[in-house]
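Asker: The sequence shown maps to residues 433 to 762 in this note's numbering. This structure is in C-alpha cells; I'll ask about it shortly.
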Amino acid sequence: MTESVLVVGATGFVGRHLVQRLRESGLRVTGTSRKPNEARKRVSNIDWVFADVEIEQSLHDAMEGFDSVVYLVHQMRQVSDDLVALEKASAGRVLAAAEANGIRRLVYLGGPEPAGESSVHLTARLETGRVLRSGSVSTLELRAGMVIGAGSESWLMVRDLAHRLPVMVLPRWLNSRSQPVAIDDVIIALAQAIQFSSSNSHVFDLPGPETLSAREILERTSAQLGTRPIMIPVPVLTPKLSSHWLRLVTGANFKVAKKLVRGLSCDVVSTEASFWEHLPTEATPFDEAVRKALAEDEQTHRSVSVRFWERCAHLIGRSAREVLGEYVPN
C-alpha cells in the first residue's frame, strides 16, 4: 500500500518544495491550507484539504486515513503577545489529532538550540518540538538554522543586504555563528525522516557543512553577487534596533524579519546528534547553495525600480572602494 503523507503547512516555503519531492517519490501526498481552493490553483498535482492549527476539529478531520504527518507551521507572521504559548497550543492540537487518528510518524522541522539566551521565536520552536515529542506518536524533530533558498525569509534578508547596501555597518551581534543549510538538503532530510526506521521519538540537528558568522555569510554572498559592500564595525546596534532598520532595506516580511534578527544575539550551532548520518547524500557546500539561490532569485520578477536601486548600490560600493582604497575596513 502506498504511504500517505499529510503536510500541515504545505503552502509555506519549505512545504511547497516538500510536497513536490514527496509526490515525485511515489507517495500519496495531501497538503493542508486554510484556503485549499486557492492552494490548489498554485499546486494542482496534489490533493488539498482544509486545516487550521487553531481549530482542533479541522486537524482531526484532515488527518483521518493518513500514515504520516509533516508539521511545518511557524506562526511568526501572527500578531501575538505570547508566541511561545501560541505555538505550544497549536502543537498540542496537532498531537491530539495525530494520536486520535493513529498516525504512525510525525515529522517536525524546528530550530537549533542557542548557545546563550534564547529568542522568543527559537524558544517557540524548541517548545513546539517538546510538545510533539511528549505524546504516543513516534515523532522525529529536525532542527535547522537558516535555510538557503529563494523564498526563505532569512535568505531574503541576507540577499537584500548583500545586494542593496553599498556601505554596511556591522553590529557586534553579526559575529554570532550559525550553520546555514540548503533547501534541497532540508527536503531530502524531511523525506527521509518520514521513513526513519525507529519507532521511538528523536531529535536530530540538520546543520549545514560550515559554521559561519553572520558577517561571513554576508561577505560570501556579496562576493558571489560582485557587490563587495564596505563593512564598518560599530560597537552599539542591538538586534532590536537593527530589525527596525532592516525594514528600509529588505523585502522580507517585517514581522518575521524582526523575530529572526532578535535570534542572532548568540551562536546557534549543532548540539544534538546529526541527521546526516542517516542521509544518502552529503551536505551541499555553502557557496553552491548560495549560487543556486541567487540563480532562482533572478527568475523572480523584481520591479525595474528595485533592479535600478540594486545596480546603483553596486556602483556606489565599487566607487567608494576605489576612492578609499586601503582605508576601507576589512
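Cβ atoms here follow ideal geometry from the backbone N, Cα and C, with glycine treated the same way. Since the structure is predicted, the reported quantities are computational estimates derived from the model, not experimental observations.
Would you check if the distance between the CB atom of P546 and the CB atom of M578 is smaller than 8 angstroms?
Answerer: No, they are not a contact pair.
Asker: With DSSP as the reference, label S608 as helix, strand or coil.
Answerer: Coil at S608, not helix or strand.
Asker: Please identify the residue among V437, S654 and N533 whose C-alpha is closest to the C-alpha of V501.
Answerer: Checking every option, the nearest Cα to that of V501 belongs to V437.
Asker: What whole-angstrom Cβ distance do H595 and L650 have, given they're in contact under 8 angstroms?
Answerer: Between L650 and H595 the Cβ distance is about 11 angstroms, and since that is not below 8 angstroms, they are no contact.
Asker: Applying the 10 Å Cβ sphere with the 16-neighbour rule, what's the burial state of P544?
Answerer: It counts as buried.
Asker: Should P717 be labelled buried (16 or more other beta-carbon atoms within 10 Å of its own) or exposed?
Answerer: Counting Cβ neighbours within 10 Å, P717 comes out exposed, since fewer than 16 surround it.
Asker: Give a yes or no on whether the C-beta atoms belonging to L558 and A625 are separated by under 8 angstroms.
Answerer: It is not a contact, given that the beta carbons lie outside the stated cut-off.
Asker: Grab me the residues of H710's own chain with a C-beta within less than 8 angstroms of its C-beta, minus the 5 sequence neighbours each way, in chain order.
Answerer: The residues are Q624, F628 and F636.
Asker: Please report how far the alpha carbon of V552 lies from the alpha carbon of V505, in whole angstroms.
Answerer: Cα to Cα, V552 sits roughly 16 angstroms from V505.
Asker: Near D514, what residues of its chain come up, given a Cβ to Cβ distance below 6 angstroms and the 5 sequence neighbours on each side ignored?
Answerer: Nothing listed; no residue qualifies.
Asker: Which residues in the same chain have their Cβ closer than 8 angstroms to the Cβ of T783, if we skip the five residues on either side of it in sequence?
Answerer: No answer is possible for residue 783: it lies beyond the span of the chain, which begins at 433 and ends at 762.
Asker: Going along the chain, which residues of its own chain have a beta-carbon closer than 7 angstroms to the beta-carbon of A655, five neighbours each way excluded?
Answerer: So no residue of the chain qualifies.
Asker: Assign E758 to one of three DSSP states: helix, strand, or coil.
Answerer: Note on E758: pLDDT 42, under 50, position unreliable in the model; the coordinate value appears next. Helix at E758.
Asker: In angstroms with no decimal places, state the Cα-to-Cα distance between A521 and G561.
Answerer: In a straight line, the C-alpha of A521 is about 12 angstroms away from that of G561.
Asker: Drop a sphere of 10 angstroms on the beta-carbon of D616, count the other beta-carbons inside from all chains shown, and report buried for 16 or more, exposed for fewer.
Answerer: With 16 or more other Cβ atoms within 10 Å, it is buried.
Asker: Just to check, is the beta-carbon of G543 closer than 7 angstroms to a non-hydrogen atom of the ligand MG?
Answerer: With respect to the ligand MG, the structure offers nothing, as it holds no ligand at all.
Asker: To test your reading of the DSSP string, which unbroken alpha helix (DSSP H) runs of 4 or more residues are found completely within the segment 486 to 560?
Answerer: Whole alpha helix (DSSP H) segments, 4+ residues: 488 to 495 and 515 to 532.
Asker: Given that a residue counts as buried once 16 or more other Cβ atoms are within 10 Å of its Cβ, and exposed if not, what is S476?
Answerer: Its Cβ having fewer than 16 others within 10 Å, S476 is exposed.
Asker: Just the Cα atoms here: how many angstroms apart are S568 and V590?
Answerer: Distance between the alpha carbons of S568 and V590: 40 angstroms.
Asker: Between which two residues does the beta strand (DSSP E) containing G463 stretch?
Answerer: Here the beta strand (DSSP E) through G463 covers R460 to S465.
Asker: Which stretch, first to last residue, makes up the alpha helix (DSSP H) that contains S418?
Answerer: Nothing about residue 418 can be reported from this structure: the residues present for the chain run from 433 to 762 only.
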